[in-house]
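Chemist:
Protein chains: 2
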Amino acid sequence: MFNDWQNLIDNIKKGSERAMARMISRVENREPGWLDAMKIIHKMSGKAKIVGVTGAPGAGKSTLTNTITRELVNRKYTIGVIAVDPSSPFTGGALLGDRLRMTEVCNMEGVFVRSMATRGALGGLNVAARDIVKIMDAAGKDIIIIETVGVGQAEIDIVKTADNIMVVCVPGMGDGIQAIKAGIMEIASIFVINKADREGVNRTVAEIAMMLNICSGPSDKNIPILKTIATTGEGVAELTDALLHDLEAKDKKKDWVEERTKEEILNLLEKEVARYLWGKWEKEGKIDNTVKQIIARERDPYSVVEEMLESLIAEHKCEQF
Amino acid sequence: MFNDWQNLIDNIKKGSERAMARMISRVENREPGWLDAMKIIHKMSGKAKIVGVTGAPGAGKSTLTNTITRELVNRKYTIGVIAVDPSSPFTGGALLGDRLRMTEVCNMEGVFVRSMATRGALGGLNVAARDIVKIMDAAGKDIIIIETVGVGQAEIDIVKTADNIMVVCVPGMGDGIQAIKAGIMEIASIFVINKADREGVNRTVAEIAMMLNICSGPSDKNIPILKTIATTGEGVAELTDALLHDLEAKDKKKDWVEERTKEEILNLLEKEVARYLWGKWEKEGKIDNTVKQIIARERDPYSVVEEMLESLIAEHKCEQF
């Protein structure tokens with residue numbers, strides 16, 4: 003089994019996109035051996051810079067991601083793109099044709115695109131996104147762009163794992179308030195006012211500048227507010243300059259990398275330990291009866307969780323030590 | 003310590019709102035003894051019906067919650083309201099004055115209101131919401147309304163724990179698409195078109211009806227689409243009728259209650275086991291060094307999580323059994 007994984011990893015090292023795609027799928031599905039494989043991938047990773055692109059729906063994030071990717075490719079960077087898609091089981095999330103727009107970058111040399119449904123990720127969305135980033139990183143991608151469709155908490159938790167967070171707005175006040183309400187303001191590295199040919203663009207710039215001023219108090223960071231028209235490419239070169247500049251500066255942010263690593267351990271801990279204990283109970287056929295007892299108020303979920311932990315401990319008793 | 007909790011529980015049984023408020027805070031803070039206290043609360047709960055109110059920002063959810071609450075109070079129900087507020091640490095989430103509007107119901111007889119920030123909940127948002135619901139339920143509230151501000155995944159995960167899910171829209175197509183994209187369509191029990199005095203209301207009703215038709219295929223459920231003007235109270239009596247009717251019908255949905263209970267165990271398992279293991283490592287002063295090693299690629303998060311689990315098992319070795 004492990005030879006198979008090692009084979010994939012060797013091919014990833016050589017930059018094989020096919021191997022990357024297969025490895026991501028297998029890790030997403032938690033196929034046996036994934037944990038050991040990811041240990042190796044972790045050691046191979048750590049060089050890539052991660053960019054999060056978020057903002058209100060309709061702000062043009064997909065088009066902007068496309069255009070920035072093209073610009074970065076022209077500047078000789080290799081790129082990985084992760085499209086986080088809050089798909090519904092019914093609509094498949096393809097309603098607005100985001101995937102369609104994405105195909106343009108798919109075909110660029112040195113660009114690898116992967117989309118990720120926000121539902122059904124076995125290890126949780128956070129963990130799954132980090133896995134994919136690490137695999138792309140290990141494969142030698144210089145910059146990895148995570149593009150989210152919405153501005154929900156799950157999406158924010160994902161983009162927070164990035165080195166640079168781009169918040170995309172459009173002229174008009176609504177988006178500004180939305181961004182603040184969802185807690186994006188304080189995590190933004192760069193504000194982009196896209197569709198800058200629309201009316202009210204300068205007012206939006208002023209509003210965001212004012213909010214940044216209010217929110218961050220005596221400013222220790224200087225957050226750029228840039229105007230783009232993603233469809234024509236206007237302003238994208240300047241945005242790319244600002245992005246690369248910020249990514250360089252992020253090299254110094256030691257505290258922040260430590261914080262991110264802590265979150266990574268904690269997320270992994272939550273998902274994997276729970277998955278293990280739950281799976282054990284399921285295998286033993288205990289779940290259904292327990293659930294019935296809880297509903298009947300004969301038992302409660304709190305003591306069930308305690309018991310699950312205890313069963314884990316009991317299982318590894320004396321013989322093991 | 004436990005006497006203190008027992009005292010709170012006794013007062014909650016008598017319907018003391020002060021005891022409820024204190025218990026919620028202490029459970030949210032995971033004060034020692036909370037787990038045993040919640041075991042008792044679980045046994046006391048199970049009678050209340052839970053209503054989730056969600057929808058796009060600006061659809062008038064707060065006002066609608068206010069109006070429905072008043073109507074339910076008039077019909078002699080006691081109500082608990084949980085306002086889920088995705089507050090930013092900077093703005094405190096009060097930007098749009100939702101809390102201000104909420105004060106009206108606060109002062110109604112038999113109504114207990116609690117707001118909940120989507121950030122910093124120790125046990126995770128899901129778990130925290132369930133705890134609060136259970137405490138209100140144990141205190142004898144007939145109906146508990148969970149009102150969310152946004153439509154992110156975290157909010158959806160919360161409203162999914164409700165018996166009835168009301169999705170609030172306003173005339174105009176944008177909201178419809180948003181609702182679908184966020185995966186709300188398939189969890190809705192009732193659609194409310196609020197601000198029904200606005201132009202385009204009938205088109206919106208038709209659009210939602212059409213989407214429901216597409217999404218649910220050969221329809222096994224008949225989801226009402228109702229029009230309201232929350233500010234004047236128009237349509238709210240009819241909405242309340244539909245709500246109470248649906249809550250009665252939900253008594254039969256056994257499978258669904260079982261699914262919800264499974265999720266409850268799993269969420270609790272994730273958060274509590276991780277919190278315990280993490281806390282242990284923190285106390286032993288192991289975190290900082292481990293994080294540095296992971297960043298330096300001398301270690302990896304995957305083997306750290308394995309080691310945490312093993313340390314738990316080792317700790318409880320032979321002596322215990």
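From first to last, the protein sequence lines stand for chains Y and L.
First residue of the first sequence: 3, per the numbering used here; consecutive thereafter.
First residue of the second sequence: 3, per the numbering used here; consecutive thereafter.
We treat Cβ as the ideally placed atom computed from N, Cα and C, and that holds for glycine.
No experiment lies behind these values; they were computed from the predicted model shown.
(1) With burial defined as no fewer than 16 other Cβ atoms inside 10 Å of the residue's Cβ, what is the status of Y:Lys78: buried or exposed?
(2) Per DSSP, Y:Lys229 forms a beta bridge with which residues?
(3) So for L:Val172, helix, strand or coil by DSSP?
(4) Below 7 Å between beta carbons: does that hold for L:Arg116 and L:Glu266?
(5) From the DSSP secondary-structure annotation, give me the bridge partner or partners of Y:Arg132.
(6) Please classify L:Gly57: does DSSP put it in a helix, a strand, or coil?
(7) Given that L:Ile267 touches chain Y, what residues does it touch there, using C-beta distances under 7 Å?
(8) Could you tell me which residues DSSP puts in a beta bridge with L:Thr150?
(9) Spatial neighbours of Y:Thr206 within its chain, please: CB distance less than 6 Å, with the 5 preceding and 5 following residues excluded, ordered by chain position.
(10) Which residues of the segment 230-260 of chain L have a Cβ closer than 9 Å to any Cβ of chain Y? Give them in chain order.
(11) Check the Cβ-Cβ distances between Y:Ala276 and every residue of chain L, and say whether any is below 7 Å.
(12) Please confirm whether Y:Trp280 has its beta-carbon closer than 7 Å to some beta-carbon of chain L.
(13) In this structure, how does DSSP classify Y:Lys51 when only helix, strand and coil are distinguished?
(14) Below 8 Å on the Cβ atoms is my contact criterion, and I expect Y:Phe193 with Y:Ile147 to pass it. Report the Cβ-Cβ distance as a whole number of Å.
(15) Under a CB-based cut-off of 7 Å, is L:Arg200 close to chain Y?
(16) Measuring alpha carbon to alpha carbon, tell me which of L:Lys229, L:Ser191, L:Ile225 and L:Leu214 ends up nearest L:Gly202.
(17) DSSP puts Y:Arg116 in a beta bridge; with which residues?
(18) Starting from L:Asn166, follow its DSSP beta bridges and name the residues at the other end.
(19) Is the shortest distance between the beta-carbon of L:Val293 and the beta-carbons of chain Y less than 7 Å?
(20) Would a check of beta-carbon distances place Y:Thr263 closer than 7 Å to chain L?
(21) Give a yes or no on whether 7 Å exceeds the smallest Cβ distance from Y:Arg116 to chain L.
(22) Taking the alpha-carbon of L:Leu214 as reference, which of L:Glu188, L:Ile11 and L:Thr292 has the nearest alpha-carbon?
(23) Provide the residue(s) that pair with Y:Glu236 in DSSP beta bridges, ordered along the chain.
(24) In chain order, what residues of the same chain have a beta carbon less than 7 Å from the beta carbon of L:Asn13, not counting five sequence neighbours either side?
(25) Can you give the Cα-Cα distance for Y:Lys359 and Y:Glu300, rounded to whole angstroms?
(26) Given a cut-off of 7 Å, decide if Y:Asp144 and L:Lys41 are closer than it, judged by their beta-carbon atoms.
(27) Can you give the Cα-Cα distance for Y:Thr233 and Y:Thr65, rounded to whole angstroms?
(28) So the alpha helix (DSSP H) L:Met22 belongs to, where does it begin and stop?
(29) Can you pull the chain Y neighbours of L:Ile296, defined as C-beta to C-beta under 7 Å?
(30) Taking 7 Å as the threshold (C-beta atoms), are Y:Gly17 and Y:Lys197 in contact?
(31) Output, in chain order, the set of chain L residues within a Cβ distance shorter than 7 Å of Y:Gly48.
(32) Along the chain, where does the alpha helix (DSSP H) that runs through L:Met187 open and close?
(33) Would you mind sorting Y:Asn166 into buried or exposed? The rule is 16 or more other CB atoms within 10 Å of its CB.
(34) Report the residue from Y:Asn291, Y:Glu274 and Y:Asp257 whose alpha carbon sits nearest the alpha carbon of Y:Glu30.
(35) By Cβ distance, which residues of its chain are closer than 7 Å to Y:Val129, with the 5 residues on each side in sequence left out?
(36) For the alpha helix (DSSP H) that Y:Glu284 lies in, which residues bound it at each end?
Modeler: Reading it off the structure:
(1) So Y:Lys78 ends up on the exposed side.
(2) Y:Ile195
(3) L:Val172: coil per DSSP, three-state reduction.
(4) no
(5) In the DSSP output, where bridge partners are listed per residue, Y:Arg132 has none listed.
(6) strand
(7) Pro303, Val306 and Val307
(8) L:Val86
(9) Setting aside the 5 residues that flank it on each side, Y:Thr206 is surrounded in the same chain by Pro173 and Ile195, each with a C-beta closer than 6 Å to its C-beta; the list follows chain order.
(10) Correct list: Lys256, Val259 and Glu260.
(11) For Y:Ala276, the answer is yes, since a Cβ of chain L falls inside 7 Å of its Cβ.
(12) yes
(13) strand
(14) Their Cβ separation, rounded to whole angstroms, is 17 Å, which puts Y:Phe193 and Y:Ile147 out of contact at 8 Å.
(15) no
(16) Taking only the C-alpha atoms, the option nearest L:Gly202 is L:Lys229.
(17) Y:Ile84
(18) L:Val53
(19) yes
(20) yes
(21) no
(22) Looking at the Cα atoms, L:Glu188 is the closest of the given residues.
(23) Y:Ile231
(24) Ala21
(25) Nothing can be reported for residue 359 of chain Y: it is not among the residues displayed for chain Y, which extend from 3 to 323.
(26) no
(27) Whole-angstrom Cα-Cα distance: 7 Å.
(28) Annotation for L:Met22: the continuous alpha helix (DSSP H) segment containing it runs Glu19 to Glu30.
(29) Thr263
(30) no
(31) Arg299
(32) Annotation for L:Met187: no alpha helix (DSSP H) segment contains it, and DSSP assigns it neither H nor E.
(33) buried
(34) In this structure, Y:Glu274 is the residue among Y:Asn291, Y:Glu274 and Y:Asp257 with its C-alpha nearest to the C-alpha of Y:Glu30.
(35) Within the same chain, Y:Val129 has close Cβ partners Asn269, Leu270 and Lys273.
(36) Lys256 to Lys285 is the span of the alpha helix (DSSP H), which, as asked, contains Y:Glu284.
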